[in-house]
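Heads up: the sequence shown begins at 7 in the numbering used here, then just goes up one per residue.
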Amino acid sequence: MSLRFLTAGESHGAALIGIIEGIPSGLALDAATLLAQARRRKLGFGRGNRQNIETDEVRIVAGVRRGFTIGSPVGLILENKDHARWAEIMRVDAPAGDAPAAREVHVPRPGHADRIGGIKYARADLRDVLERASARETAMRVALGTVARALLAELGITLSSRVVRIGSVVDETPWRDVSPDEIDASPVRAQDPVAAAAMVGEIERAKAAGDSLGGVFEVVARGVPVALGSYAQWDRRLEGEVAKTFMALNAIKGVEIGLGFGVAAIPGSQAHDEYEPGGDARTRYRSNRAGGIEGGMSTGQPIVVRAAMKPIATLMQPLDSVDLRTGEAAAAHIERSDTCAVPAAAVIGESLLALALAAAVLEKFGGDSLEELRERVRAWETTVRAR
Ligand SMILES: Cc1cc2nc3c(=O)[nH]c(=O)nc-3n(C[C@H](O)[C@H](O)[C@H](O)COP(=O)(O)O)c2cc1C
Numbered sequence: 007m008s009l010r011f012l013t014a015g016e017s018h019g020a021a022l023i024g025i026i027e028g029i030p031s032g033l034a035l036d037a038a039t040l041l042a043q044a045r046r047r048k049l050g051f052g053r054g055n056r057q058n059i060e061t062d063e064v065r066i067v068a069g070v071r072r073g074f075t076i077g078s079p080v081g082l083i084l085e086n087k088d089h090a091r092w093a094e095i096m097r098v099d100a101p102a103g104d105a106p107a108a109r110e111v112h113v114p115r116p117g118h119a120d121r122i123g124g125i126k127y128a129r130a131d132l133r134d135v136l137e138r139a140s141a142r143e144t145a146m147r148v149a150l151g152t153v154a155r156a157l158l159a160e161l162g163i164t165l166s167s168r169v170v171r172i173g174s175v176v177d178e179t180p181w182r183d184v185s186p187d188e189i190d191a192s193p194v195r196a197q198d199p200v201a202a203a204a205m206v207g208e209i210e211r212a213k214a215a216g217d218s219l220g221g222v223f224e225v226v227a228r229g230v231p232v233a234l235g236s237y238a239q240w241d242r243r244l245e246g247e248v249a250k251t252f253m254a255l256n257a258i259k260g261v262e263i264g265l266g267f268g269v270a271a272i273p274g275s276q277a278h279d280e281y282e283p284g285g286d287a288r289t290r291y292r293s294n295r296a297g298g299i300e301g302g303m304s305t306g307q308p309i310v311v312r313a314a315m316k317p318i319a320t321l322m323q324p325l326d327s328v329d330l331r332t333g334e335a336a337a338a339h340i341e342r343s344d345t346c347a348v349p350a351a352a353v354i355g356e357s358l359l360a361l362a363l364a365a366a367v368l369e370k371f372g373g374d375s376l377e378e379l380r381e382r383v384r385a386w387e388t389t390v391r392a393r
């Protein structure tokens, strides 16, 4: 395994913890870089109040000395500011007596992990489930992805994202040459300002109705070397790794690469990317319908991933549920919640694609120091030009 990472931490616990192992030595890394991406995750119209409470300042506590990685696992800690108000409820040690903790949850929210998590881990208080199932954990995944992203940046690989649908509103404008800052400046991280305004309206209406919304976002990686991944074995196919990483994000229910589901409806003459003479490797592509992956391998074209996010499961106008203590019908639990988190999910998606691609880069090129890795990538680029 070339790169692995783990997170720990509950939504209102003391902190989120992350470990990423496999990052070569010699990579410049500082807390400011991590903070910049963490702040982007808080973006987007439709988020709840939690984003105002958290500063999301990530502390680097292992694997980095005097500004550079040293080859050992990188360890990160992100303290939850909100924990101060939850310290008694979330305490780790056993309190005296057996009075139930405040803010217990007994009415599962349809569409969340509450019901099945309670059955699986034998938890009567569903807070034991929702604290970890909450997307607060993604703050740490973004931090870990930012480490991967810093590595990719050294190799000339960059990532960007945008929102292309919220509810019924679609922004189908093709990528223009907009800067990432321009996308971040949009209230919903959409490229087209007209669509963005309509998306904001849709979120406002959902919020007023106590409802929630999902959508679709797109993540693009540029500058990816040719031939990451392989067709030679099922678990080495690059799109498999990419799709797994995106499907493993909370609330994601579909992933497309390139034309995705769209290819099912069109003839082959419109589905594939024809070659023509020229370019670096003696052939170049006329289009990028495949989204940068063919036969389980990167083509060197931008890798384009779209993910569909379902509407948030916590509704202020709650769905029907059952109180598990009494077995009676009851309105689902209400926890402070976002109305729509697609803009944030897009930012998280950049980190996810960074993690998947960094693993694929390290798998192909290896290298224990950044210098070694860089040399190998450079040599490969020369090789590719000759083939
Ligand atoms: C960035 C982001 C923010 C989210 N915010 C909330 C939220 O505020 N309330 C909520 O109920 N679900 C939220 N979710 C979705 C839940 O975490 C998710 O639906 C839940 O873990 C159940 O998992 P599943 O939807 O993958 O089945 C969010 C997801 C993401 C990616």
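Beta carbons are placed, not taken as given, at the ideal position from N, Cα and C, and that holds for glycine.
Only a predicted model underlies this, so the values are computations on that prediction, with no experimental measurement involved.
Residues near residue i in its chain [Cβ-Cβ closer than 8 Å; skip 5 each side]
i    : result
G73  : A34, L35 and D36
H278 : R295 and A296
R393 : A287 and R288
S31  : F74, T75, I76, G77, D374, S375 and L376
D177 : R168, V169, V170, R171, A196, Q197, D198, A201, A202 and M205
Contacting residues, own chain, Cβ-Cβ under 7 Å from residue i (five flanking each side not counted)
i    : result
G333 : none
D15  : It is worth fixing the name first, because residue 15 is Gly in this sequence and not Asp. If we look at G15 and ignore the five residues flanking it on each side, its Cβ neighbours are A21, L22, I23, E143 and M146.
N55  : R342
E324 : In the sequence as presented, Glu is not what sits at residue 324; that position holds Pro. Excluding positions up to five away in sequence, the list reads A337, A338 and I340.
M253 : V261
Residue i: CB within 7 Å of a non-hydrogen atom of ligand 1
i    : result
N294 : no
I318 : yes
I29  : no
N58  : no
A270 : no
D217 : no
A139 : yes
T144 : yes
I354 : yes
N256 : yes
A102 : no
H339 : no
S185 : no
D177 : no
S343 : yes
G54  : yes
A154 : no
G4   : What is shown of the chain runs 7 to 393, which leaves residue 4 out entirely.
A44  : no
H89  : no
A350 : yes
Neighbourhood of residue i by C-beta, 6 Å cutoff - its chain only, sequence neighbours within 5 removed
i    : result
G173 : E208 and L219
V113 : S327, D329, A336, A338 and H339
L40  : V64, A149 and T152
T13  : G24, E143 and M146
E356 : L165, S167 and V225
For residue i, the first and last residue of its enclosing alpha helix (DSSP H)
i    : result
E137 : R133 to A139
I122 : D120 to Y127
V153 : T144 to E160
T39  : A37 to R47
N55  : Note, N55: premise wrong, no alpha helix (DSSP H); not H, not E.
R115 : Taken as a continuous stretch (DSSP letters only), R115 belongs to no alpha helix (DSSP H), as it is neither H nor E.
Boundaries of the beta strand (DSSP E) in which residue i is found, first to last residue
i    : result
E85  : V80 to E85
D64  : Looking at the sequence shown, residue 64 is not Asp but Val. V64 to A68 is the span of the beta strand (DSSP E), which, as asked, contains V64.
L12  : R10 to A14
L22  : A21 to E27
R312 : I309 to M315
R97  : Element bounds for R97: n/a, residue is neither H nor E.
R292 : Careful: R292 lies outside any beta strand (DSSP E) and carries neither H nor E.
P283 : Y281 to P283
Pair within 8 Å by beta-carbon distance, residue i and residue j
i    : j    : result
L255 : I299 : no
V67  : I83  : yes
V232 : T164 : no
V194 : L359 : no
S236 : M303 : yes
V184 : A201 : no
G373 : R382 : yes
G19  : E110 : no
G123 : R115 : no
F51  : V222 : no
L161 : V367 : yes
V169 : A352 : yes
A141 : A313 : no
I26  : V80  : yes
L234 : I29  : no
A319 : G103 : no
Near ligand 2: residue i beta-carbon under 7 Å from a heavy atom
i   : result
H18 : No copy of ligand 2 appears in this structure; the ligands present are ligand 1.
Any chain C beta carbon closer than 8 Å to residue i
i    : result
P273 : The structure shown contains no chain C; it is built from a single protein chain.
May I have a chain-ordered list of the alpha helix (DSSP H) segments no shorter than 4 residues that lie completely inside the region 164-219? 186-191 and 199-214
Output the residue ranges of the alpha helix (DSSP H) runs that lie fully inside the region 215-274 and measure 4 residues or longer, sorted by chain position. 244-253
Complete beta strand (DSSP E) runs within the region 317-387 (minimum length 3 residues, chain order): 326-328 and 335-337
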